[in-house]
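Step one of this worksheet: look at the structure below.
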Amino acid sequence: MVPRILHALAEAVREALLRHKRAGQSVAIWRDGRVVWLSPEDIRVPEPRVDAPGMLQAGEVREPDPDRP
Numbered sequence: 000m001v002p003r004i005l006h007a008l009a010e011a012v013r014e015a016l017l018r019h020k021r022a023g024q025s026v027a028i029w030r031d032g033r034v035v036w037l038s039p040e041d042i043r044v045p046e047p048r049v050d051a052p053g054m055l056q057a058g059e060v061r062e063p064d065p066d067r068p
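Note that numbering that gives the first Met the number 0 has the sequence shown beginning at 0, numbered continuously upward.
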């Protein structure tokens, strides 16, 4: 479960960075113990991760597990 949570968080950060970059908005990051503002041109968007166990690939569908609430 933890790898799936970390994957979801990493993907959410990636999407937020991409949204800000496309909209021309700066983002605040934490670097060397300080808050640093990055201009849209300086925002580096990481590649999407696909290595989290249990994650679905594009187009895959998983039926709900009846044993899980």
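Ideal Cβ positions, reconstructed from N, Cα and C, are used throughout, including at glycine.
Check, Outcome
"Whether Val89 touches Leu17 by CB criterion (7 Å)", "Given that the chain is displayed from residue 0 to residue 68, the structure contains no residue 89 and the question cannot be resolved."
"His19 versus Arg43 - alpha carbon distance", "11 Å"
"Gly23 beta carbon less than 7 Å from that of Pro73", "No statement about residue 73 is possible, as the shown extent of the chain runs from 0 to 68 and does not include it."
"For Val44, three-class secondary structure by DSSP", "coil"
"Identified DSSP bridge partners for Arg33", "Arg30"
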